[in-house]
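Take the sequence shown: its letter number 86 is residue 85 in numbering that gives the first Met the number 0, and every next letter is one higher.
Every residue gets a Cβ at the ideal spot worked out from N, C-alpha and C, and that includes glycine.
Okay, so here's the structure we're looking at.
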Amino acid sequence: MSYVAKEVPMKLDEKAFALASGIVWGVVVFVLTNIIMLRGGTGEHLSRLSQVYPGYAVSFVGSLMGLAWGFVSMFLAALLAAWLYNKFIGKPPSP
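Okay, structure coming up:
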């Protein structure tokens, strides 16, 4: 007797995916801003985030704003991406 496993598309947990993505991106913006600040640079590329994230600047307070805005923006983007992924993978096949 042989057993053949059926392929079942795996769905994403939308809230967990969005939360994890938001935390990671918020922390990345926070850490990179503080590294640039400690090195004494202005962070040419990071300073452009101020065009997207109100209140962001290459400073400690700006890094906190970047953490908050980064979390919110990536949370929403990942939530939408996970929702779309779950909609397009289809329904599992019937037995």
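Proximity below 7 angstroms, CB of residue i to CB of residue j
| i | j | result |
| --- | --- | --- |
| N33 | S62 | yes |
| F59 | G21 | no |
| E6 | A81 | no |
| L75 | V57 | no |
Nearest neighbour of residue i, chosen from the options [CA to CA]
| i | options | result |
| --- | --- | --- |
| L31 | W82, K5, Y55 | Y55 |
| F87 | A17, G39, M9 | M9 |
| M73 | Y52, H44, I35 | Y52 |
| L66 | L11, G25, A15, D12 | G25 |
| W68 | V7, K14, L18, V28 | V28 |
Secondary structure of residue i, DSSP reduced to three states
| i | result |
| --- | --- |
| A80 | helix |
| L11 | coil |
| G28 | A quick correction: the sequence has Val, not Gly, at residue 28. Helix. |
| S49 | helix |
| A19 | helix |
| A56 | coil |
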